[in-house]
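Written below as structure tokens is the structure these notes are about.
Protein chains: 2
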Amino acid sequence: MKITQLGSEISIRRTIAEGTEQQVQAVKEIIATVRAEGDAALIRFTEKWDGAKLARLRVAPKEISEAVERLDPQLLADLTEAADNIRRYHESQKQEGYKLENSDGSYVAQRVTAIESAGLYVPGGTAAYPSSVLMNVIPAQVAGVGRIVLISPPGKDGTLSDGVLAAAHILGIDEVYKSGGAQAIAALAYGTESIAAVDKITGPGNMYVALAKREVNGDVAIDMIAGPSEIAVIADDTAYPDEVAADLLSQAEHDPMASAVLLTTSRSLAEAVSKEVQKQAATLPRYSIVQPAIQDHGMIYIGETLEQVIEAANELAPEHLEIMTEDAEAVADKIRHAGAIFIGRYSSEPVGDYFAGTNHVLPTNSTARFSSALSVYDFLKRTSIIHYSEQQWQNSKEKIARLARLEGLEGHARAVESRSWKKETQL
Amino acid sequence: MKITQLGSEISIRRTIAEGTEQQVQAVKEIIATVRAEGDAALIRFTEKWDGAKLARLRVAPKEISEAVERLDPQLLADLTEAADNIRRYHESQKQEGYKLENSDGSYVAQRVTAIESAGLYVPGGTAAYPSSVLMNVIPAQVAGVGRIVLISPPGKDGTLSDGVLAAAHILGIDEVYKSGGAQAIAALAYGTESIAAVDKITGPGNMYVALAKREVNGDVAIDMIAGPSEIAVIADDTAYPDEVAADLLSQAEHDPMASAVLLTTSRSLAEAVSKEVQKQAATLPRYSIVQPAIQDHGMIYIGETLEQVIEAANELAPEHLEIMTEDAEAVADKIRHAGAIFIGRYSSEPVGDYFAGTNHVLPTNSTARFSSALSVYDFLKRTSIIHYSEQQWQNSKEKIARLARLEGLEGHARAVESRSWKKETQL
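In order, the protein sequences belong to chains A and B.
Residue 6 is where the first sequence starts when you use our numbering, and the numbers rise one by one after that.
Residue 6 is where the second sequence starts when you use our numbering, and the numbers rise one by one after that.
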């Protein structure tokens with residue numbers, strides 16, 4: 006890994022990779038085709054891109070029960086325990102409405118309700134992510150979403166992975182469809198003969214999925230458009246280089262575009278980690294992904310002071326930030342921007358990916374400055390309610406009319422005043 | 006207004022108007038120019054489109070104090086009272102973090118902090134909206150946003166409206182800039198010599214502003230992309246036709262694309278309202294805006310039953326929904342999708358636009374199915390925090406490693422296991 010001195014001039018903030026004009030156009034055409042042709046388009050595209058001939062899009066109950074039976078019972082228990090931890094963490098995010106009531110019964114209020122339907126995209130292909138099923142479905146369930154749908158591209162044999170189906174089973178989700186890419190997003194957004202449209206689409210995916218989500222945004226809600234995974238580690242002489250290196254590599258193995266950054270005050274740690282990364286990377290099965298990630302998006306920055314290192318982390322606003330320093334909690338208190346913070350040696354990043362209970366869907370590309378982890382809040386909506394009494398209207402009608410006229414909106418003023426008009430038009 | 010029978014076949018949902026390819030291209034060029042040339046571009050564009058030659062972009066303190074002195078003191082008092090109501094309603098939206106701690110001191114937590122800087126776009130031109138200043142700034146202030154900036158296109162004389170500047174003054178905002186359209190959004194997103202970039206941009210605007218917000222989205226956060234204003238009224242025989250008509254017109258005067266819909270079980274009310282709308286519209290100063298809005302986007306639907314009418318309102322998911330029926334609160338309880346609900350005769354829609362305290366920035370285009378009013382939550386972000394102890398790591402490391410390997414992520418498994426490796430590399 007390259008080692009560089011942190012300078013005040015270096016901007017280390019990441020920016021978003023956008024699709025090419027060609028990709029954008031291709032996605033628009035796919036969406037239009039699915040809207041026009043429905044199921045037939047999904048089946049055709051799935052044969053073309055996933056190599057699977059599907060007789061039906063929906064996964065049969067038998068496919069789910071067989072997947073559960075095939076899966077190692079230990080893994081089923083692990084997934085169940087992870088789901089319990091995730092549910093426990095997210096339960097605290099439940100939101101209540103409120104009502105500010107006056108003595109005459111008039112009030113303003115905020116009513117909180119769940120979105121009615123949500124569709125979760127689960128990537129397929131070279132890997133399958135049961136953990137993504139847990140991380141997307143559980144917040145929606147805690148929010149109280151009535152209908153939760155999964156959609157995922159099948160393998161060439163027309164099946165979804167046992168892990169994904171088992172995770173769905175554990176959560177009680179049985180509406181699962183086989184389809185991937187932009188066509189799956191189009192189906193969720195606009196519906197087909199066999200897939201009813203949803204109100205919100207969440208879940209990670211490749212560039213085509215991201216572009217399709219951007220395209221349908223507004224017609225349905227989407228979660229964030231996630232970029233490649235990111236890890237930053239703040240470490241000092243008290244950290245173990247092999248652990249720092251292993252954690253950096255754990256994110257690098259996600260994607261050749263993934264970024265792994267070490268921020269440290271210690272040149273000896275920097276050099277030791279750099280060597281360790283090289284050594285460990287070579288032994289990883291996903292070396293062909295890890296290698297370009299580390300080479301192109303791996304960096305070690307050395308700061309003069311811990312304060313400088315902390316400021317660099319805030320500038321980076323990374324998706325994942327590990328802190329392995331003396332008094333790591335004090336450092337964490339100074340972090341203003343990060344998707345998730347992992348404090349201390351035993352809080353390795355995969356702990357959060359799978360098990361601790363926090364959500365692993367996190368803001369990337371420095372958007373932690375203004376975005377947050379996927380949460381129960383993302384599946385709730387709020388309605389404002391106003392109930393004015395005659396008395397309250399009397400007290401405020403002149404003020405409201407004046408404010409409306411200040412803005413040149415005579416019709417607004419008259420609407421409020423109309424309650425005192427002589428009722429010639431009464432039925 | 007056209008009167009139609011509600012049928013099960015009619016889809017009354019609104020969809021979003023997108024810009025033309027030409028407008029999108031123009032906006033991209035404006036943004037690129039502002040990024041390249043900074044202040045000079047803003048000053049040039051302001052002369053070109055707003056007809057104002059500016060010596061400086063920032064409003065001088067003297068301009069604000071003079072605007073406050075010029076404004077009718079009664080209006081200043083009205084704005085202040087409105088601000089107090091808005092602040093009171095939004096105070097209840099403050100969010101707290103939480104921490105789930107174990108006996109050994111390990112924990113998972115959610116930390117809630119404010120976004121650091123926010124920029125509010127205030128439209129200018131034919132009207133100026135001091136109420137928009139209140140509605141956008143107050144939630145940001147309640148959230149605790151440190152830096153709040155206003156930007157608005159000046160009139161030909163190079164000034165902003167007294168009402169807008171007075172609203173800023175009441176709220177203690179003194180960082181106000183003169184610039185409008187896509188160029189103002191670009192300046193907020195990327196910064197210029199005299200305007201530092203912000204983290205989130207909110208506020209309404211025309212098609213160019215909306216397209217620019219869409220374009221910068223991701224580099225900074227934006228609020229919703231609002232479409233033309235909408236009102237729907239559910240009314241029965243107990244409603245007064247002149248009041249219903251006045252309320253429908255109050256939204257129609259916003260925009261030729263604004264929509265005004267009456268949903269009723271009463272044919273006699275439908276006919277009376279239709280006549281009243283015609284009569285009242287002709288007397289409104291903004292008749293040239295009201296007329297096309299009512300003609301193209303005004304509808305009266307008659308339902309056989311109240312249930313059918315309520316279902317149509319839920320399908321429409323309107324920005325504003327007034328309920329003027331017997332037992333209006335019972336009807337309100339059955340509404341699942343609306344930006345804001347106004348219950349009963351005295352809760353005319355402008356009450357919420359200006360005074361009741363709820364936010365008037367609301368989801369349009371049927372997005373109330375999954376979106377909500379602008380709120381304090383929009384200016385907060387949440388960071389997940391994980392602090393695992395050695396004991397917790399011991400208890401879960403095998404489970405985490407198994408789950409990682411199920412997903413084919415060997416590097417993740419090794420990262421968690423690395424804490425027990427023999428430390429050959431320790432410094």
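Backbone N, C-alpha and C define an ideal beta-carbon position, used for all residues, glycine too.
- Annotation for Ser-401/A: the continuous alpha helix (DSSP H) segment containing it runs 395-411.
- In the displayed model, Lys-339/B falls within coil according to three-state DSSP, outside both helix and strand.
- His-259/A and Ala-217/A have their C-alpha atoms spaced approximately 21 Å apart.
- For Leu-105/A, the nearest CB of chain B lies under 8 Å from its own CB, placing it at the interface with that chain.
- Within chain B, the residues placing a beta-carbon under 8 Å from that of Leu-408/A are Leu-80, Asp-83, Leu-84, Ala-87, Pro-135, Ser-136, Tyr-359, Phe-360, ordered along the chain.
- When the alpha-carbon of Ala-231/A is set against those of Ala-45/A, Leu-367/A, Arg-407/A, the nearest one is in Leu-367/A.
- Shown here for Gln-115/A: same chain residues with a beta carbon closer than 7 Å to its own, the five before and five after excluded, namely Gly-102, Tyr-103, Arg-387, Ser-389 in chain order.
- Secondary structure at Tyr-351/B: coil, using DSSP grouped into helix, strand and coil.
- Thr-85/B: member of the alpha helix (DSSP H) spanning 78-96, first to last residue.
- Identification of residues in the stretch 209-239 of chain B having a C-beta nearer than 8 Å to some C-beta of chain A yields Gly-223, Asp-224, Val-225, Ala-226, Ile-230, given in sequence order.
- Per DSSP, Ala-114/B lies in no alpha helix (DSSP H); the unbroken beta strand (DSSP E) holding it starts and ends at 112-119.
- According to the DSSP assignment, Lys-386/A belongs to the beta strand (DSSP E) that extends over 385-392.
- Contact holds between the stretch 415-423 of chain A and the stretch 247-258 of chain B, because three or more Cβ pairs, one in each stretch, are under 8 Å apart.
- Identification of residues in the stretch 407-426 of chain A having a C-beta nearer than 7 Å to some C-beta of chain B yields Arg-407, Leu-408, Ala-409, Leu-411, Glu-412, Gly-413, Leu-414, Glu-415, Gly-416, His-417, Arg-419, Ala-420, Val-421, Ser-423, Arg-424, Trp-426, given in sequence order.
- Contact between Ala-244/B and Leu-274/B holds: CB atoms are separated by about 6 Å, below the 8 Å threshold.
- Contact annotation: Gly-362/A and Ile-91/A have beta-carbon atoms nearer than 8 Å.
- Taking 8 Å as the CB threshold, Glu-180/A stays off the interface with chain B.
- Per DSSP, the unbroken alpha helix (DSSP H) holding Ser-255/B starts and ends at 246-257.
- The DSSP-derived three-state label of Gln-10/A is strand.
- Taking 8 Å as the CB threshold, Asp-247/A lines the interface with chain B.
- Residue-level contact by beta carbon fails for Asp-332/A and chain B, as no gap is shorter than 8 Å.
- Listed along chain B, the residues sitting closer than 7 Å to Glu-395/A by beta-carbon distance are Tyr-351.
- For Gly-24/B, DSSP records no beta bridge to any residue.
- Residue pairing by DSSP places Arg-291/B opposite no residue, since no beta bridge is assigned to it.
- Residue state for Glu-68/A is assigned as helix, using DSSP reduced to three classes.
- In the DSSP assignment, Val-266/B is bridged to Ala-237/B, Met-304/B.
- Taking a 10 Å sphere around the C-beta of Thr-51/B, we find 16 or more other C-beta atoms and assign the residue as buried.
- Secondary structure note for Gly-124/A: its beta strand (DSSP E) is the uninterrupted segment 122-126.
- Between the alpha carbons of Thr-207/A and Ser-425/A lies a gap of roughly 49 Å.
- Per DSSP, the unbroken beta strand (DSSP E) holding Tyr-103/A starts and ends at 103-106.
- Taking one beta carbon from each stretch, the stretch 39-57 of chain A and the stretch 180-199 of chain A have 3 or more pairs nearer than 8 Å; the two touch.
- Taking Val-249/B as the centre and dropping the five residues before and after it, the same chain places the C-beta of Val-238, Ala-240, Val-278 closer than 6 Å to its C-beta, in chain order.
- By the Cβ criterion, the stretch 365-384 of chain B is in contact with the stretch 328-345 of chain B, since at least three pairs of Cβ atoms, one from each stretch, lie closer than 8 Å.
- Excluding its 5 nearest sequence neighbours in each direction, Ala-337/B has C-beta neighbours in its own chain below 6 Å: Ile-328, Ile-346, Ile-348, listed in chain order.
- In the three-state DSSP reduction, Met-229/B falls in the coil class, being neither helix nor strand.
- Closer than 8 Å at the C-beta level to chain B, one finds these residues of the stretch 360-375 of chain A: Phe-360, Ala-361, Gly-362, Thr-363, Asn-364, Leu-367, Asn-370, Thr-372, Ala-373, Arg-374, Phe-375.
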